[in-house]
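Colleague: Attaching a single structure in C-alpha cells format; questions to follow.
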Amino acid sequence: MVELMRHAVQQQQQHSHWQQQDASNSNINRQMNWRKWQLRRGSSKTKVKLKRRRTTATLAARPTEGSKKRDSKISATATTAAAIAATTATAAATTATAETEYASDNCNIDGALDIAETDNNNCNTANSNIIHNSNIRRSFTAATTTRAARKSTNMWMLLPILLIYACPGSEALRLTNGGNSLSKGVGANKEQLNIGLIAPHTNFGKREYLRSINNAVTGLTKTRGAKLTFLKDYSFEQKNIHFDMMSLTPSPTAILSTLCKEFLRVNVSAILYMMNNEQFGHSTASAQYFLQLAGYLGIPVISWNADNSGLERRASQSTLQLQLAPSIEHQSAAMLSILERYKWHQFSVVTSQIAGHDDFVQAVRERVAEMQDHFKFTILNSIVVTRTSDLMELVNSEARVMLLYATQTEAITILRAAEEMKLTGENYVWVVSQSVIEKKDAHSQFPVGMLGVHFDTSSAALMNEISNAIKIYSYGVEAYLTDPANRDRRLTTQSLSCEDEGRGRWDNGEIFFKYLRNVSIEGDLNKPNIEFTADGDLKSAELKIMNLRPSANNKNLVWEEIGVWKSWETQKLDIRDIAWPGNSHAPPQGVPEKFHLKITFLEEAPYINLSPADPVSGKCLMDRGVLCRVAADHEMAADIDVGQAHRNESFYQCCSGFCIDLLEKFAEELGFTYELVRVEDGKWGTLENGKWNGLIADLVNRKTDMVLTSLMINTEREAVVDFSEPFMETGIAIVVAKRTGIISPTAFLEPFDTASWMLVGIVAIQAATFMIFLFEWLSPSGYDMKLYLQNTNVTPYRFSLFRTYWLVWAVLFQAAVHVDSPRGFTSRFMTNVWALFAVVFLAIYTANLAAFMITREEFHEFSGLNDSRLVHPYSHKPSFKFGTIPYSHTDSTIHKYFKEMHYYMKQYNKTSVADGVAAVLNGNLDSFIYDGTVLDYLVAQDEDCRLMTVGSWYAMTGYGLAFSRNSKYVQMFNKRLLEFRANGDLERLRRYWMTGTCRPGKQEHKSSDPLALEQFLSAFLLLMAGILLAALLLLLEHVYFKYIRKRLAKKDGGHCCALISLSMGKSLTFRGAVYEATEILKKHRCNDPICDTHLWKVKHELDMSRLRVRQLEKVMDKHGIKAPQLRLASSSDLLNHHHLKERPPLLGNLSLAASAQDLYRWSYKTEIAEMETVL
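What follows is the structure, given as C-alpha cells:
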C-alpha cells in the first residue's frame, strides 16, 4: 500500500514539474517580447510599462481571498496526509530549487533581458517582496500532498523565477547564488570556497563580467594541464565569486564597506582586484588603500591594475599581493632597452611628485647597475620637478635623453616648460612611462618623436586577466589542499573582522599566499607561463613601444605602436620605423654636439711637464702627452708653416702630466676638442698694481675659455673667475734638507726608558743580591761567619754581601772574572734564576741598541709657516735663509698675513721650484716654501732621499679648473669631476703621478765609511764616567781606613762587618789576617824561583815582625807593663808544620781555643794589636 502511494506521488510530482517548466518558459517568452515591443514604442510608453510591472509585481506578491480559502483547505488536507507525503515534500523542494537555478543561469548566460538594466529599482522592489513573503517555501512544502495544493502553488513558484530572469544584477541573484535562500543546492554537503572580485564600472554593466566569470569557472574542468581534484570535495562555482563594481575614485568608507561587510561576511579566501583605470592620482590612492587594508587583514590579493606603477611599493606594499600587470621594473627595463638600442649612454631622470616616483628612480638605478657589464650607462641628473624652474638643471648639463615619469597632466606642464627652455627639438629625446600615455590620448603640447612604453588596458584585456586570476586562484587552492601539512588549515576567513569582536588577521593567509605565488599556469600563445617573482611581480612581461607622430591627415598627434619589448627573449626589443624629434630622419646622438675650447696652462711638475716633440715627425710620443703651444700669439705669424712649427720646440712642445691625463678624460667624456696654449707672461695670476696678471688675466679678459694647471683656489681669484670643484687638495708647505748628525751621547741608554732602567738598577739588582745573600745565610749548608770564626776545623769560606753584589753584576754583564759562588742549594738556584733574567735582559738590550747606535740625520724642524723663527726671522741668530716664488699664491698669502717675513725673504726668492729645491740641497737655503703637493712630489723624486717636508700645511685649499665668469662649462666639468672622484679615477691619477721612488744609493755608500770620533763619543763618555766613579770610590776607601776603621774596630766583634765585606772584617781583626796568611802558607807550593823569592820575602817580614814584637815588649817593661808570656811561632815553624793536621801555636803555648777571648780583649785595647793586624 505504501509503495503504491509513493509511486503515485512521484508521478504527480513529475507531471507538476513539467507543467511548471512549460508555464515558466511561456511566461518568459511573452514577457521578453512584450518588453522589447515597449522599448521600441519610446520612452513615454516605457514609463507606463514600468508602472504596470510594478503593479503586477505587487499583486502577484499579495495573496487573494480565494487563495486564502484554498490555502486553508490545503492545510487541512495536508494534516491528514502528512505521514504519507513527508519524503515526497523534500524531493519536490529539491527539484524546484534545481529548476530555479537552471533557469537563472540560462537567463544570465544568454542575456535575454537586456532591458532589465534600466529597471533595477523595480527589480529591487520585487526582490524585497520575495524576501518578505518567505512563507511561500513553507506553503509549497505542505501543498505537495495533493494535486490542488500543487496547482495553487505553481503560480507562487513561478514568480521568483520570473523575477530572477528579469533582474540578473539585483539582490535576487546574489540571494539565489550566494546564500541558497530558496533551497539547498545540489552541492550542499561540500565546503564552499569563496573569493571576492572588484572590477570597474563599465557601460555594459555586469553582463560581460559575469560571462567571463562563468567561462573561467566552467573552463576549470576542461583545462589541458593538471586536473583540479579539489572540486570533488569543495564547491567553487560562479555563485562563489562575489562580485562588486567599484567607481573610479571610491571613498575610503566605500572601500572599507566592500571589504569588511561584503567580502568578510561570505568568508572570502582571496580577492581579485581588477582595475584598468589609468588616471594616476586619487584612483591610485584608492587602490593603495584597498591593497594595504587587505594586506593588514592577511587576505591574498591577485591584482591587475593598470596604474600599479603608481603604487608606493617599497614603502607600503601589501606583502600578500600578486600583480598580473607589468610592473615599474618592467617599464624601466624597456625604456633602458630603447637607450641601449640607439647607444645613448647618458641620460637624465625627470619625475614629478607622482606616487611611486622614488620606486621608479630606484628601479632605473638597479637596472643600470645590472647592465654595467655589457653596456655602461651614466645618469647625469635625477630631478623631481616641484616647479618648472627645477628643469634649469637640465639646461646646465649635457643631458639630451630624458626618462619622464609623471601623470599626463603633470607631463603637459613639464614639457611646456621644457619647450620654453629649449629642451625639446631634434637633439632631445623624451622617453615616457605608461602613466604619461594613459589611454593613448596625445596632447598637443607633447613634442613629436616622443617614445614611450605601454601595455593593453582595454576591457577585453581586463576580461582575459579575470580568467587568468581565477585560474591562478584555483591552482593555488589545488596546491594548498593537496599538501598534507595543510590538512587542518581551512581556506575560510570565518570570525575575521575589521572590528574588535573578531580576529584582526587571517593566520593562514600568508601560508596560502606562498602557494599562490608558486603557481605556474599556461599563458597565451607563444608566451611563457604566467609565473611570479618573490615580490609577487610577473617574471615575464610584454610592453608595447609607442611613438608620438603626426596622424595621417597631419591635424593632430597620435601614439602609434612601433614595436614590442618582451622580457623573456634574448633580443628583447623589436622596433620599426620611428618618427624622430624635429621630424628628423636619423636618431639624435644623445650627447651634446662637439665644441672647441682654448685652454691656457703654466707648466709645473708633476701637473704639466714640458718636453720637446719628435724632431722628425713633429709629434709627441705615447708617453710624452699632447702638443701644446709655448709661443705667444704675436710670435705665430699668419704664413708660418704649421708642420715646421711643430718640430720647433720654441713654438710647440709636448705637454704631459696629471692635468693632461685629466684633460684627456674630460675630452673623452664630454666630446670636445681643445688647443693648449702657454700663458705669455709666465705668471700664475696675482693682483699687481690693481690689475691681474698671468693666468687670471687671460680669463678676466676672456682670451681663453679655461685654465688647466695647478692653479690654487683663493678668495681673491674666486671674486673674478669661476672655479670648478677642487680636483686635489693642497696647502703651503716647507721643504728642508737632511744632514748627517752624530750619535747621541746617551744612545746606549735609549733602548730602555728611564722607568725601565730604574726598575732594573734599583729593584731587580738589589732584590736579586739580597735574596741570594739571605738564602746563603739561612741555608744549613751555606755560610755562617760566627761558626767559621769559632771553629778552626771549618774550611775557610769566602762569601759576603759585597761578594754577592760582585756575583750579581758579573752575571748580569756576563763578565769573565773570578767570582765566589754560594754553597747553599737555594742560593745557587736563585743565582741561576738571576742568570736567566740577565740573558733575557741582555738579548733585548743588544737587539735594540743597534737601532740607536746609528748616525742620526738632522734637519731644521719647523712647525709650519707660522713658526716664530720664520715669522720673525731676525729673532734667531743666525737667521734662517728661506724663500719662495714671487707672484705665486704662496707669495701673495705670505704678503697678506706675514709682512715682516715677506720683506725678509725677498732676497732669497727663486724664479722656479727647481731652483729653490736645488738651493736647499746645496745649502744656500735652509728651507723653501711652496705648494705642498708639488714639494711632496719633488721630495719623492729625490734620488738621495735628502729632502723632506716639515711642519703642518698652512692655508689649506685646492687646485681647480678656472673659467671665465658665468661660463656655461662649469657645471659640465663639475659633474664629471665628481664622477671621477667617486669612481676612483682621480685617485689612480694621483698615485701614478705623485708617487716617486727615492734611490738611496749614496746613502748606502756613506754607511760603509769609517765612523768619526763624534759618532761614537758616547763610549768615551761612558769610560770617563767610570774613571770618575772609580776615583770617588778610592777616596771613600782612604776615608774608611783613616777615619772609620778605628771606630768600627772598637765596636764590631768581627761579625757584622764581615757579613757585609769579608775584607772589611779581616781588616778589623788580627786573627783574620793571621788565619788568611796561615791558609796561604798551608796550601802554597812553590814551583818556580820567583815564588821562592816571594816566600823568602814573607819569611823576612815575619822575622822582622818578631823582632819588632820583642822590641815592643822591652818598651813595655820599661814602662812597668808586664807583657804576656807568649811565644810567636817563627816563619820556619810555620813552614815546617804546615803539613800537620793540627795547627802550630801561633802565640807561644797559648791555645786559641782556650784563651781566644782574652787575646781579643787584650789586642783591641792596645796599639800592638793594631800593628799586628796591619802586618
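Under this note's numbering, the first residue of the sequence shown carries the number 1132, and numbering increases by one thereafter. From the three backbone atoms N, C-alpha and C, an ideal C-beta is built for every residue, glycine too.
Who are the Cβ neighbours of Gly1825 in its own chain at under 8 Å, not counting the five residues just before and after it?
Modeller: These residues qualify, in order along the chain: Leu1733, Val1810, Asp1812, Gly1813, Lys1814, Trp1815, Gly1816, Thr1817 and Tyr2018.
Colleague: To the nearest angstrom, how far is the alpha carbon of His2007 from that of Val2170?
Modeller: Spanning the two alpha carbons is a distance of roughly 51 Å.
Colleague: Among Arg1934, Thr2024, Tyr2034 and Leu1627, which has the Cα closest to the Cα of Ala2086?
Modeller: The option with the nearest alpha carbon to Ala2086 is Thr2024.
Colleague: By DSSP's criteria, Met1837 is part of a beta bridge. Which residues make up the other side?
Modeller: Answer is Ile1730 and Phe2094.
Colleague: Under the rule that 16 or more other beta-carbon atoms within 10 Å means buried, what is Tyr1559, buried or exposed?
Modeller: Classification for Tyr1559: buried.
Colleague: Do Asn1723 and Tyr1473 have their C-beta atoms closer together than 8 Å?
Modeller: The amino acid occupying residue 1723 in the given sequence is Pro; Asn does not appear at that position. Going by C-beta atoms, Pro1723 is not nearer than 8 Å to Tyr1473.
Colleague: Which first and last residues belong to the alpha helix (DSSP H) in which Thr1935 is found?
Modeller: Thr1935 -> alpha helix (DSSP H) spans Leu1932 to Leu1943.
Colleague: So Phe1983 packs on Ala1878, CB below 8 Å; how close in whole Å?
Modeller: 5 Å between Cβ atoms; contact.
Colleague: What did DSSP end up calling His1073 once you bin it into helix, strand or coil?
Modeller: There is simply no residue 1073 to check, as the chain begins at 1132 and stops at 2306 in what is shown.
Colleague: At which residues does the beta strand (DSSP E) containing Gln1477 begin and terminate?
Modeller: First-last of the beta strand (DSSP E) with Gln1477: Gln1477 to Thr1482.
Colleague: Can you check whether the CB of Trp1940 is closer than 8 Å to the CB of Ala1899?
Modeller: Their beta carbons are not under 8 Å apart, which means Ala1899 does not touch Trp1940 by this criterion.
Colleague: Reducing DSSP to helix, strand and coil, say where Ile1863 ends up.
Modeller: Strand.
Colleague: Just to confirm before moving on: does the CB-CB distance between Asn2031 and His2003 stay below 8 Å?
Modeller: Rather than Asn, the amino acid found at residue 2031 in this sequence is Glu. Contact: yes.
Colleague: Please list the terminal residues of the continuous alpha helix (DSSP H) segment that includes Ile1344.
Modeller: Element bounds for Ile1344: Arg1338 to Gly1350.
Colleague: Do Leu2066 and Ala1864 come within 8 Å of each other at the CB atom, strictly closer than that value?
Modeller: Their beta carbons are under 8 Å apart, which means Ala1864 touches Leu2066 by this criterion.
Colleague: Looking at C-alpha atoms only, which residue of Leu2152, Val1950, Asn2105 and Arg2119 is the closest neighbour of Asn1527?
Modeller: Checking every option, the nearest Cα to that of Asn1527 belongs to Asn2105.
Colleague: Within 8 Å, do at least three Cβ pairs link the region 1685-1701 to the region 1479-1486?
Modeller: No, they do not touch.
Colleague: Going by DSSP, what residues sit across from Arg1809 in a beta bridge?
Modeller: Phe1732.
Colleague: Can you name the residues that DSSP bridges to Asn1436?
Modeller: DSSP output for Asn1436 lists Met1406 as bridge partner(s).
Colleague: Would you tell me roughly how many angstroms separate the C-alpha atoms of Lys2137 and Leu2160, rounded to the nearest one?
Modeller: Per-residue confidence for Lys2137 stands at a pLDDT of 45, beneath the threshold of 50, marking its modelled position as unreliable; no derived number is given.
Colleague: Does the Cβ of Leu2164 have 16 or more other Cβ atoms within 10 Å, making it buried, or fewer, making it exposed?
Modeller: Exposed is the call here.
Colleague: To the nearest angstrom, report how far apart Leu1522 and Gly1713 are at their CA atoms.
Modeller: Spanning the two alpha carbons is a distance of roughly 20 Å.
Colleague: Would you kindly report the start and end of the unbroken beta strand (DSSP E) that includes Thr1509?
Modeller: Note, Thr1509: beta strand (DSSP E), Thr1509 to Val1515.
Colleague: Would you mind giving the Cβ-Cβ distance between Val1584 and Trp1696, rounded to the nearest angstrom? I have them listed as a contact below 8 Å.
Modeller: Confirmed, Cβ separation roughly 7 Å.
Colleague: Buried or exposed for Ala1464, going by 16 or more other Cβ atoms inside 10 Å?
Modeller: Burial call: buried.
Colleague: Measure from the alpha carbon of Leu1351 to the alpha carbon of each residue in Ala2049, Ala1981 and Ser1605, then state which is nearest.
Modeller: The candidate whose alpha carbon is nearest that of Leu1351 is Ser1605.
Colleague: Taking DSSP as the reference, what is the three-state secondary structure of Val1505?
Modeller: The question names Val, yet the displayed sequence has His at residue 1505. Looking at His1505 - three-state DSSP - the assignment turns out to be coil, as it is neither helix nor strand.
Colleague: Output the distance between the C-alpha atoms of Gln1419 and Gln1625, rounded to the nearest integer angstrom.
Modeller: Cα to Cα, the separation comes out at about 25 Å.
Colleague: With DSSP collapsed to three states, give me the class of Cys1785.
Modeller: Reduced to three states, the DSSP call for Cys1785 is strand.
Colleague: Report back the beta-carbon spacing between Asp1488 and Tyr1536 to the nearest angstrom; my notes put them in contact at under 8 Å.
Modeller: Note that residue 1488 corresponds to His in the displayed sequence, not to Asp. The Cβ separation is near 6 Å, so the contact holds.
Colleague: Return the chain-ordered list of same chain residues with a C-beta closer than 6 Å to the C-beta of Ala1401, the five sequence neighbours on each side being excluded.
Modeller: So the list reads Ile1326, Pro1431 and Tyr1604, once near-sequence residues are dropped.
Colleague: Quick one: what does DSSP say Thr1957 is sitting in, helix, strand or coil?
Modeller: Looking at Thr1957 - three-state DSSP - the assignment turns out to be helix.
Colleague: Kindly confirm or deny that the region 1339-1346 and the region 1385-1394 touch, where touching means at least three C-beta pairs closer than 8 Å.
Modeller: No, because fewer than three Cβ pairs between the region 1339-1346 and the region 1385-1394 fall closer than 8 Å, the two stretches do not touch.
Colleague: Figure out for me which residue from Tyr2005, Ala2049 and Ser2043 has the closest Cα to the Cα of Tyr2034.
Modeller: Residue Tyr2005 is the option with its Cα nearest to Tyr2034.
Colleague: Can you tell me the Cα-Cα spacing of Ala2045 and Ile2016, whole angstroms?
Modeller: Straight-line Cα distance between these residues: approximately 10 Å.
Colleague: Determine which residues share a DSSP beta bridge with Pro1130 and list them.
Modeller: The requested residue 1130 is not part of the displayed model; the chain covers only 1132 to 2306.
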